[in-house]
Every structure is written in structure tokens, then in C-alpha cells.
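Chemist: Here it is, the structure in full.
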Amino acid sequence: MSDEEEIILSELSNEELVLQMHDDLYDGLKEEIEEGTNILLERGWAPYKVLTEALVEGMRIVGEDFRDGILFVPEVLLSANAMKTGMAILRPLLAETGAPKVGKMVIGTVKGDIHDIGKNLVAMMMEGAGFEVINIGINNPVENYLEAIEEHEPDIVGMSALLTTTMPYMKVVIDTLKEKGIRDDFIVLVGGAPLNEEFGEAIGADAYCRDAAVAVETAKEFMARKHNQRASA
Ligand code: B1M
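The sequence shown: position 221 = 220 (numbering that gives the first Met the number 0), numbered continuously.
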């Protein structure tokens, strides 16, 4: 198909549409991503399937070309904005469980780091799993976590970092919680592309979560354990 020819998204098969959405995300085309997301939903796709197969996979491709110096910050910002448009449509659908809240989580990206797509995804999925989520945004110094903890008394504190230069700041937060004698009052979960299990362990987190689905599973497991402990106390 030549570039001149207009692509009608609604005329594409599911497979073609998903590939086209990867291209549109790459090109930062917000409206097309919005349209594509709605078409897949109208065709009966589960919100989680749209999220992972059309949006997250598209962003993975963007990430590769960013790494390889093919895409630059301004272009990636456009992709990120397009991704967020799709996520905004999916968020209420993923959160629509109607179940009683299973726990409360404060989550934020650490100081020096402005990446928020992954963190927002975790927040969305946690909401979808019945957690109340207080999303404190990006670039959070330890004071912001402390403030949110005091105000909301969460069961879980989640931290995200996407840069090798900002991930050590998670230890600053955990050490401060220890100094204040409140570290064991909650479960600390960490995540972000450059992290791994050893890092999570080394900084004193309860668990490293590879992705949003793992974060939900891990949070649920910890909450179940907490309830069992309470019941047997
Ligand atoms: Co940035 N960036 N970026 N960037 N960026 C990365 C992270 C990078 C790996 C790209 C690369 O070189 N391949 C690289 C880091 C290299 C390193 O440190 N080793 C990088 C760099 C270098 C930079 C800048 C320094 C570039 C520059 O200015 N020269 C700069 C830093 C800005 C700063 O933070 N101070 C920068 C800027 C940006 C943009 C602003 C352009 C944009 C961010 C827009 C936004 O977030 N609003 C951006 C983007 C989009 C990326 C990539 C391409 C994509 C990140 C993303 O959204 N992924 C990224 C490349 C990559 O990661 N492959 C890259 C999709 C998202 C769904 O995945 O965030 O991994 P992810 O989240 C996953 C899991 O990690 C996990 O679950 C999520 C969902 O499954 N998870 C958690 C994440 N947080 C969690 C928290 C939890 C649990 C699980 O808590 C419990």
C-alpha cells in the first residue's frame, strides 16, 4: 500500500489492525491509537488483550529503536502520549470489577525519573484487581512517599524506576522507612525495566515485579498472607 493511500482502520482484520497500531504508536498518532483501541474493544477484545498486544507490544518496539538511536526523545514522547490515550480508554474498563477493595497501594516513580507509563499500567491493573491505588506520579523524593504513607496508610508501597541512575534511589526510600521504624508496616514492591530480583532483594524490598501482571499477583499473595496472619493471631 502506498503512503498516499488512506488506511481505514475499521476495514482491517484484527491482525492487520494490531500491526497498524504498532506503526501508529511508533509514529505517535494519538487519534489513530484512540480509534484502533475502540475498534478492538467493539470487536469484543478484552481490555487486557488490547493493552498487551496492541499498546505494550507497540511500545516495546519503540523502546528498541530508542535504544538503537533510531528514535529520539521528541518522537518517543509522541509515542508515549499516543499510548496514554489508549490507556485512558482502557483504564475504567480494567478497573470495573465492582469487588470490595482488597487493599490499598501508594505507587510512584522515584526521584530523578519521569517515566510513568509502566507505573501507570501497574496502577491500572491493581485497580482492576480491586485495590485502591494512590498514584503519586513521577520524580518523587522520599518525602512524597512519607507524606502519602501518612495520609493514606497503605498496605503496599510501590516504586518504579526506568533508569539505572535512578533505581538506587529506591534504597534511599526503604532505608528512610527503616530509620523511621515503619518499614515493616507495609509491603514494598519495586519494578521497572532495569531492575531484577537480586536488586530488589539487595535493597530490602519485599519483591521485584517483572510486569504489571506479576505486581498484581504478588500484591494479592502478600495480602492473603497478611490476612491469614491476622486471622491466626
Ligand atoms: Co526513556 N529511557 N529516557 N523516555 N525510555 C528508557 C528507560 C531506556 C531503556 C531507553 C533505551 O536506551 N533503550 C533508557 C534507559 C537506559 C538506562 O538507564 N539503562 C532511557 C533513557 C536513557 C532516557 C533519557 C535519559 C533520554 C535522554 O534524555 N537522553 C530520558 C530520562 C528522563 C528522566 O526520567 N529523567 C528519557 C526520557 C524518556 C521520554 C520522556 C522520552 C519517555 C517517557 C515518557 C513517559 O513515561 N511519560 C521515554 C520512554 C517512553 C522510554 C522507553 C522507550 C519506554 C518506557 C516505557 O514506557 N515502556 C524506554 C525503553 C524501554 O524500556 N524499553 C526508555 C513501556 C512500559 C509498559 O514498560 O516501563 O518497563 P515499563 O513497565 C513495565 C515493567 O517494567 C513493570 O511493569 C510495567 C508494565 O508491565 N514496572 C513495574 C514498571 N514500574 C513498575 C513498578 C512496580 C511494579 C512493576 O511497582 C510495584
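Note that CB positions come from ideal geometry on N, CA and C, so glycine has one too. Fair warning: this is a prediction, and the values are worked out from it, not measured in the lab.
I need the straight-line Cα distance from L176 to N80, nearest angstrom please.
Modeler: Stepping through the sequence shown from its first residue, residue 176 is reached at position 177. Stepping through the sequence shown from its first residue, residue 80 is reached at position 81. Roughly 34 Å separates the two Cα atoms.
Chemist: Go ahead and label L108 buried or exposed: buried means 16 or more other beta carbons lie within 10 angstroms of its beta carbon, across all protein chains shown.
Modeler: Within the sequence shown, the letter at position 109 stands for residue 108. Before going on, a small fix: residue 108 reads as Thr here, not Leu. The residue in question, T108, is buried, as its Cβ has 16 or more Cβ neighbours within 10 Å.
Chemist: Start and end of the beta strand (DSSP E) containing K103?
Modeler: Locating residue 103 in the sequence shown gives position 104, where the first residue counts as 1. Here the beta strand (DSSP E) through K103 covers G102 to T108.
Chemist: How about T36 and I88: do their beta carbons lie closer than 8 Å?
Modeler: Stepping through the sequence shown from its first residue, residue 36 is reached at position 37. Stepping through the sequence shown from its first residue, residue 88 is reached at position 89. Yes, these two residues count as a Cβ contact at 8 Å.
Chemist: Figure out for me which residue from I137, M123 and I181 has the closest Cα to the Cα of A212.
Modeler: Reading the sequence shown from its first residue, position 213 is the one you call residue 212. Of I137, M123 and I181, the residue nearest in Cα terms is M123.
Chemist: What residue from N195, Q19 and R209 has the CA that sits closest to E34's CA?
Modeler: Counted from its first residue, the sequence shown places residue 34 at position 35. Checking every option, the nearest Cα to that of E34 belongs to Q19.
Chemist: In the structure shown, what three-state DSSP assignment does S12 receive?
Modeler: The sequence position of residue 12 within the sequence shown is 13, counting from 1. DSSP places S12 in coil when its eight states are reduced to three.
Chemist: Does DSSP classify G157 as helix, strand or coil?
Modeler: Locating residue 157 in the sequence shown gives position 158, counting from the first residue. DSSP places G157 in strand when its eight states are reduced to three.
Chemist: Please classify R229 as buried or exposed, where buried requires at least 16 other C-beta atoms within 10 Å of its C-beta.
Modeler: If you number the sequence shown from 1, residue 229 lands on position 230. With fewer than 16 Cβ atoms within 10 Å of its Cβ, R229 is classed as exposed.
Chemist: For L188, write down the residues that DSSP places opposite it in a beta bridge.
Modeler: Locating residue 188 in the sequence shown gives position 189, counting from the first residue. Paired residue(s): G157 and A206.
Chemist: Would the beta-carbon of E93 fall within 8 Å of that of E126?
Modeler: Numbered from 1 along the sequence shown, position 94 holds the residue referred to as residue 93. Numbered from 1 along the sequence shown, position 127 holds the residue referred to as residue 126. At residue 93 the sequence reads Leu, which differs from the Glu that was named. Yes, these two residues count as a Cβ contact at 8 Å.
Chemist: DSSP beta-bridge partners for F130?
Modeler: As a working note, residue 130 is residue 131 in the sequence shown. Beta-bridge pairing links F130 to G102.
Chemist: How would you label L120, buried or exposed, when you count the other beta carbons within 10 angstroms and need 16 or more for buried?
Modeler: For the purposes of this step, residue 120 is taken as residue 121 along the sequence shown, with counting starting at 1. Classification for L120: buried.
Chemist: Compute the beta-carbon to beta-carbon distance between K118 and S159, rounded to the nearest angstrom, for a pair I have assumed lies under 8 Å.
Modeler: Indexing the sequence shown from 1 puts residue 118 at position 119. Indexing the sequence shown from 1 puts residue 159 at position 160. That pair is a contact at about 4 Å.
Chemist: Can you give me the start and stop residues for the alpha helix (DSSP H) that D75 sits inside?
Modeler: Numbered from 1 along the sequence shown, position 76 holds the residue referred to as residue 75. Looking at the sequence provided, one finds Val at residue 75 rather than Asp. Taken as a continuous stretch (DSSP letters only), the alpha helix (DSSP H) holding V75 covers V72 to A94.
Chemist: Spell out a yes or no on whether the stretch 99-106 and the stretch 133-141 are touching, meaning 3 or more CB-CB pairs, one atom from each, closer than 8 Å.
Modeler: Yes: the two stretches touch, three or more of their Cβ pairs being nearer than 8 Å.
Chemist: Would you tell me roughly how many angstroms separate the C-alpha atoms of L77 and L24, rounded to the nearest one?
Modeler: As a working note, residue 77 is residue 78 in the sequence shown. As a working note, residue 24 is residue 25 in the sequence shown. Computed Cα separation, rounded: 8 Å.
Chemist: Does the beta carbon of D115 fall short of 7 Å from some heavy atom of the ligand B1M?
Modeler: Numbered from its first residue, the sequence shown carries residue 115 at position 116. Checking every heavy atom of the ligand B1M against the Cβ of D115, one is found closer than 7 Å.
Chemist: Mind checking who N139 pairs with in its DSSP beta bridge?
Modeler: Here the question's residue 139 lines up with position 140 in the sequence shown. The partner list for N139 (beta bridge, DSSP) reads V109.
Chemist: Under the criterion of a Cβ to heavy atom distance below 7 Å, does K219 qualify as lining the ligand B1M?
Modeler: In the sequence shown, the residue the question calls residue 219 occupies position 220. No, the ligand B1M has no heavy atom inside 7 Å of this Cβ.
Chemist: Any heavy atom of the ligand B1M inside 7 Å of the beta-carbon of R66?
Modeler: On the sequence shown, position 67 is the one that residue 66 refers to. Flag set: Cβ of R66 near the ligand B1M.
Chemist: Nearest-angstrom Cα distance between E131 and E5?
Modeler: In the sequence shown, counting from the first residue as 1, residue 131 sits at position 132. In the sequence shown, counting from the first residue as 1, residue 5 sits at position 6. Spanning the two alpha carbons is a distance of roughly 43 Å.
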